[in-house]
Structures are given as structure tokens and as C-alpha cells.
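To start, the structure under review is shown below, and the notes come after it.
Residue numbers (UniProt numbering): 1 to 116.
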């Protein structure tokens, strides 16, 4: 089977990294996401490029934002937000869920201050 170009491998590596960080086995994630074990394995190895719907299921299984997977897969553009938001997104010591919570809090403060 021929590997799909760049983004398929990137998203697969990203999913594998997130699964590893969450300490979830491939079998566990496939069950949580409702995706077959062989198909998930092919995604992680870059042999398949998942649809947005499958990415959403995987995100739920990993308990991360689907937006993070969409950006990684090239479905969405990286959100803007300036250097603070970029620094939060770039911090590999935070989980995707922690990053999203920090970004939400940061944006709420910015909106509150803009209203003053």
C-alpha cells in the first residue's frame, strides 16, 4: 500500500503522540473512537488520511479538541491570536485540552478588556 503524502503522515504521527501522552493503547483508542484497530493503525503509520468525521471521533477518544486535529491535518488553518496564543500552542509540555483551556481563558480576558 502506497503512503499518502505529507499530511497523512503528519496527522498519524500527531495522533500517535497524543495517544502515547494519554497513555492509551491503540486498541483502547480504537474502541473509544469507534474506529477499527487496523484502520487506526494505518492512520498512525501514514497509510490512510482520515476524514474530518473520523478525526472528530479520534479527538473524542483522546479527549482533545477536534480543532487541534483539523489544524494538524490541514483541514483548518492555524488560528490566529498573537504571540501568547502561539506560545501556548507550541508548548509540548501541555496536553491539547490544557492548551485549549488556557486559550479560552486568555480570549475571555481579552474580550473583557476590549469591552472596557
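Where a beta carbon is used, it is the ideal one built from N, C-alpha and C, also for glycine.
Would you report the Cα separation of residue 84 and residue 57, rounded to the nearest angstrom? Walking along the chain shown from the start, residue 84 turns up at place 84. Walking along the chain shown from the start, residue 57 turns up at place 57. Answer to the nearest angstrom: the Cα atoms are 29 Å apart.
Using 8 Å as the threshold, is the segment 62–71 in touch with the segment 89–103, meaning 3 or more CB pairs across them? yes
Does residue 50 come out as helix, strand or coil in the three-state DSSP assignment? Taking the chain shown and counting its residues from 1, the one referred to as residue 50 is at position 50. Looking at residue 50 - three-state DSSP - the assignment turns out to be coil, as it is neither helix nor strand.
In chain order, each alpha helix (DSSP H) run of at least 4 residues that lies wholly inside the UniProt domain "HTH cro/C1-type" (15–69): 26–33, 37–44, 52–62
Can the beta-carbon of residue 15 be found less than 7 Å from the beta-carbon of residue 44? Stepping through the chain shown from its first residue, residue 15 is reached at position 15. Stepping through the chain shown from its first residue, residue 44 is reached at position 44. Closer than 7 Å, so yes.
What does a CB cutoff of less than 6 Å around residue 37 pick up in its chain, not counting 5 residues either side in sequence? By one-based count along the chain shown, residue 37 stands at place 37. Correct list, in chain order: 27, 30.
Please classify residue 95: does DSSP put it in a helix, a strand, or coil? Against the chain shown, residue 95 aligns to sequence position 95. Coil, per DSSP.
If I follow the unbroken alpha helix (DSSP H) through residue 88, where does it start and stop? Position 88 of the chain shown, counted from the start, is the residue given in the question as residue 88. From DSSP, the alpha helix (DSSP H) with residue 88 extends over 82–90.
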